[in-house]
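Okay, so the sequence shown: first residue is 228 according to the working numbering, each after it adds one. Below: the structure, in structure tokens.
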Amino acid sequence: MTVSHWQRAEQVEREVDFLVVGAGLAGGAAAFFAKQIHGRDVVVTDARDVALGASGRNAGFMISGLDTYYHRAIEQYGHSVAREVWGLSRRSFRHWREFIKNSAFEVPLNNCGSLLLAETAEEAVELELAARALSADKIDIEYSSSDPLKRGYFAAIEQPLDAGVQPYLLAKTVMAQSGAELIANNELYRLEQEEKDTVRVHTRKLVFKARHVMLCTNAYSPMIDPYFVGKVQPTRAQCLVTEPLDHVPVPCCGYSDYGYMYYRSTFDGRFLLGGGRKQHQHEENNTSEDRLNPKVQAFLDRYLQKYFPDVQAPVAQRWSGIMGFSCDGLPLVGTLPGKPRVGFAVGFTGHGLALAAATAERAVDKLLNGVSAGAVDVARFE
């Protein structure tokens with residue numbers, strides 16, 4: 228991020244114990260664990276405000292695991308890592324449900340499960356292999372060699388423990404329950420650790436002198452420190468939502484074309500559809516520009532007509548969100564080289580709702596106590 232000379236306020240210094248940068252789902256969870264579990268005095272700052280980035284722009288899918296089918300995750304990362312990350316998503320879900328249970332306001336949650344759907348015969352083969360691998364690890368799923376929705380898909384995996392949530396309100400309640408002080412609309416533009424136990428964090432409003440800093444900045448991490456260049460890639464996603472319908476086209480969270488397409492009914496009776504990035508990756512990958520892509524939105528319109536012709540309501544809203552894709556598909560947890568008091572939990576690759584809470588929990592423990600973050604620790608690159 229950059230801040231001009233004219234935009235800076237009087238550079239008042241403020242000492243803080245534990246500073247979290249980023250007020251999304253990961254930042255709120257990190258603030259909660261640092262304050263409520265580790266007893267730190269926590270301040271959260273953000274360039275905008277709570278959940279105005281990807282945390283409040285996603286489809287609200289609590290879908291277990293990674294953005295790749297389970298057998299492919301085993302091939303890519305090894306069996307133990309695939310199982311560990313699956314467990315991380317389950318732990319994240321337990322945390323989110325606990326936050327919702329203890330919320331001072333209603334956070335809509337639908338424990339409807341999810342359907343992973345194949346759009347081609349080739350993908351159906353992949354789904355069957357994934358189902359076998361999941362069943363072998365005694366993970367609760369059901370496989371169907373046909374389309375349970377009767378909409379032209381080829382096969383499906385049902386994951387009954389998944390859910391749909393209102394992600395903006397979830398992020399709001401996580402931040403509220405953290406008990407941390409929030410300083411919003413405050414861009415960070417420089418990090419320095421010249422002293423052993425103090426980090427100077429230059430922001431538009433203040434210069435923080437922090438004992439510990441946790442970066443939960445996901446897609447925007449390469450703008451903050453060059454360490455993340457090549458490790459986290461900003462990637463744009465596109466969504467639309469219709470006016471209210473008189474029926475429910477999909478009774479759960481739907482996920483197809485290897486995760487490139489996703490759809491659900493909202494809590495106010497609308498139909499949400501997202502995706503289309505696969506067909507326009509040269510425009511949607513490696514960009515942090517928050518704008519609509521007419522070609523992607525046109526693809527979503529065609530997809531809606533093909534698979535959901537019964538959805539005749541007009542489109543009410545279209546939007547985009549910027550995700551942070553990690554270089555190997557796993558979240559990144561560690562401390563910055565030369566800045567051992569600056570930790571990070573970033574790179575959720577479109578699965579922040581699946582992994583952010585448990586990943587932030589590990590990141591805080593690593594920063595404060597030096598505990599390995601396991602499969603998501605950047606030590607894997609060494």
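Just so you know, even glycine gets a beta-carbon here, dropped at the ideal spot from N, CA and C.
With a cutoff of 8 Å on beta-carbon distance, ILE366 and TRP323 are scored as not near each other. Residue environment: PRO521 is assigned as exposed (fewer than 16 neighbouring CB atoms within 10 Å of its CB, all protein chains considered). As the crow flies, the alpha-carbon of VAL456 is around 22 Å from that of HIS439.
Less than 8 Å divides the Cβ of ASP537 from the Cβ of PRO476. Look at ILE327 here: in three-state DSSP terms it is helix.
Taking the Cα positions, LYS533 is about 25 Å away from THR295. Short of 7 Å from the beta carbon of LYS399, and not among the five residues preceding or following it, lie these beta carbons of its own chain, in chain order: VAL277, ALA278.
For MET402, the enclosing alpha helix (DSSP H) stretches over residues 394–405. Residue burial annotation: PHE608 is exposed, with fewer than 16 other C-beta atoms found within 10 angstroms of its C-beta.
Under DSSP, the beta-bridge partners assigned to GLN465 are SER547.
Taking a contact to require three or more Cβ pairs closer than 8 Å, the segment 459–468 and the segment 540–557 qualify as touching. LEU519 and ASN513 have their alpha carbons spaced roughly 15 Å apart. Sequence-distant Cβ neighbours of SER282 in its own chain, meaning closer than 7 Å and more than five residues away, are GLY251, LEU252, PRO394, ALA398, GLY579. The straight-line gap separating the alpha-carbon atoms of ASP374 and CYS480 is approximately 15 Å. Scanning LEU595, SER553, ASP484, TYR447 for the CA closest to the CA of ASP517 turns up TYR447.
Around the Cβ of VAL334, a 10 Å sphere holds 16 or more other Cβ atoms; the residue is buried.
Secondary structure note for HIS439: its beta strand (DSSP E) is the uninterrupted segment 433–442.
For GLU516, there is no enclosing beta strand (DSSP E), as DSSP gives it neither H nor E. Boundaries of the alpha helix (DSSP H) around ASP592: 579–596. Taking a 10 Å sphere around the C-beta of ALA606, we find fewer than 16 other C-beta atoms and assign the residue as exposed.
The beta carbons of LYS566 and LEU418 sit about 7 Å from each other, so the pair counts as a contact at 8 Å. Measuring C-alpha to C-alpha distances from HIS232 to each of GLU385, GLU414, ALA360, ASN285 identifies GLU414 as the nearest. In the three-state reduction of the DSSP assignment, ILE264 falls in the helix class.
Across the set GLU385, ARG299, HIS306, VAL271, the C-alpha of VAL271 shows the shortest separation from the C-alpha of ASP244. PRO449 counts as buried, since at least 16 other C-beta atoms from the protein chains shown sit within 10 angstroms of its C-beta. Residues of the same chain with a CB within less than 6 Å of the CB of HIS429, apart from the 5 flanking positions on each side, are TYR416, ARG417 in chain order.
Residue pairing by DSSP places ALA382 opposite ALA345 in a beta bridge. Under the three-state reduction of DSSP output, HIS429 falls in the strand class. With fewer than 16 neighbouring CB atoms inside 10 Å of its own CB, ALA348 falls in the exposed class.
Judged by their CB atoms, MET488 and VAL392 are not nearer to each other than the 8 Å cut-off.
Only residues of its own chain outside the window of five on either side were considered, and among them PRO476 have a CB closer than 6 Å to the CB of PHE535, listed in chain order.
Annotation for SER319: ALA581, LEU582, ALA583, ALA584, ALA585 place their beta carbon closer than 7 Å to its own, counting only its chain and skipping 5 residues before and after.
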